[in-house]
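Q:
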Amino acid sequence: MSNKFAPFDRVDLTYKVINGQHLDTSILTPNRLQSKPSSEYPVLVYWHGGGFIIGDRMYEGWFAPWMIELCLSNDSIIISPDYRLIPESNAADILSDVEAFWLWLRNTLPTEISTWHARPDLSRVACAGTSAGAYLAMQSSLLFPQISQIKVILSIAGSLYTDIPHYKVPGPKVILGKRPPPPRKAEMIIREYTKNMKEGVIRTSGDAVEMWEFLTCVLQQAYLPRWLGLKADDKLDVMKMMKKGREDSVVPPVCATGFVDRLKVILPNVPVLLSLQKGDHGFEVMHTVEDEWVKEGLEFMERYWP
Numbered sequence: 001m002s003n004k005f006a007p008f009d010r011v012d013l014t015y016k017v018i019n020g021q022h023l024d025t026s027i028l029t030p031n032r033l034q035s036k037p038s039s040e041y042p043v044l045v046y047w048h049g050g051g052f053i054i055g056d057r058m059y060e061g062w063f064a065p066w067m068i069e070l071c072l073s074n075d076s077i078i079i080s081p082d083y084r085l086i087p088e089s090n091a092a093d094i095l096s097d098v099e100a101f102w103l104w105l106r107n108t109l110p111t112e113i114s115t116w117h118a119r120p121d122l123s124r125v126a127c128a129g130t131s132a133g134a135y136l137a138m139q140s141s142l143l144f145p146q147i148s149q150i151k152v153i154l155s156i157a158g159s160l161y162t163d164i165p166h167y168k169v170p171g172p173k174v175i176l177g178k179r180p181p182p183p184r185k186a187e188m189i190i191r192e193y194t195k196n197m198k199e200g201v202i203r204t205s206g207d208a209v210e211m212w213e214f215l216t217c218v219l220q221q222a223y224l225p226r227w228l229g230l231k232a233d234d235k236l237d238v239m240k241m242m243k244k245g246r247e248d249s250v251v252p253p254v255c256a257t258g259f260v261d262r263l264k265v266i267l268p269n270v271p272v273l274l275s276l277q278k279g280d281h282g283f284e285v286m287h288t289v290e291d292e293w294v295k296e297g298l299e300f301m302e303r304y305w306p
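The sequence shown: position 28 = 28 (UniProt numbering), numbered continuously.
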């Protein structure tokens, strides 16, 4: 158990099996709840980021300190699932995993945890995600509103509006202060990776250091739209908070502002808080609940959850 997760008790459960491979989710329960009365406690479902290519459900570096502090202060249980990653899998596979997770959460989990001292309260569910995970948090509500029943969404650096050249047009880019390999070499790296993929292999984690160059090549050469090809639905009936770095080199701010503009036209009565802060992609992991912009966001969340 890493330092960031030390205040939690961790249990890993399987929510789906594909060709004999388990898709797991980690349930993190504040360990101090063991000294409190046996009861049900609020839930924060967290989808990890990584461009749909790297990371996993317990990658510590992408859990912002303020998110951990929020759950500890609210006695909330974190549920963080894995999902299939690209390019070994595709967008339809990923969304199938998202649906399977929510069905498992509603239909199977209550039986599995019925004897737990501290149990997830599935009537009080918030959903958060970072980067690619923010997209999955949003799709959880857009595509599966009846089974997810989310009270509020926390989208951190999510690529929610992608009809922009940054995503669709290949070309040299600067990502987190560094340039990926030149376009020709980047194409070679991508082709070499895909050529060596074994048929039927399912991947649910990717080392953020070892696979970083590959990810930057994919982003620079605009492969994500080709591999994913997904657009947001027009339905949204949960409250939403978005946090974004103004200098984000991976997911430009227009991905948030463009989505909010569209949302105001389609569903003008949906409460939304958009927070644009100074910083590049991943800036939020440097902040705590003491920062004013974090306080503002958490106050918005607490109107609807827990």
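Virtual Cβ for every residue (Gly too), placed ideally from N, Cα, C.
DSSP state of residue 312, grouped into three classes?
A: Because the chain spans 1 through 306 in this model, residue 312 falls outside it and cannot be assessed.
Q: Over the uninterrupted alpha helix (DSSP H) stretch that includes ASP56, give me the two end residues.
A: Here ASP56 belongs to no alpha helix (DSSP H), and DSSP marks it neither H nor E.
Q: By Cβ distance below 6 Å, which residues in the same chain neighbour PHE101 in space, the five residues on each side in sequence not counted?
A: Closer than 6 Å at Cβ, skipping near neighbours: TYR15 and PRO81.
Q: If you compare alpha carbons, which of ASP56, VAL294 and THR194 is closest to ALA132?
A: Checking every option, the nearest Cα to that of ALA132 belongs to ASP56.
Q: Would you report the Cα separation of PRO306 and PRO42, rounded to the nearest angstrom?
A: Cα-Cα distance, rounded: 6 Å.
Q: I need the straight-line Cα distance from ALA64 to THR288, nearest angstrom please.
A: Looking at the two C-alpha atoms, the distance is approximately 8 Å.
Q: Under 8 Å between the Cβ atoms of GLY51 and LEU263?
A: Cβ distance not < 8 Å, so GLY51 and LEU263 don't count as in contact.
Q: Using DSSP's beta-bridge definition, name the partner residues of GLN21.
A: Bridge partners of GLN21: ILE18.
Q: Should MET301 go down as buried or exposed, given a rule of 16 or more other Cβ atoms within 10 Å for buried?
A: It counts as buried.
Q: Are PHE106 and ILE94 touching if we call contact CB-CB under 8 Å?
A: Per the sequence shown, residue 106 should be read as Arg rather than Phe. Against a cut-off of 8 Å, the Cβ pair of ILE94 and ARG106 comes out as no contact.
Q: In this structure, does DSSP put SER155 in helix, strand or coil?
A: DSSP places SER155 in strand when its eight states are reduced to three.
Q: I need the boundaries of the alpha helix (DSSP H) containing VAL294, first residue and last residue.
A: Element bounds for VAL294: 292-301.
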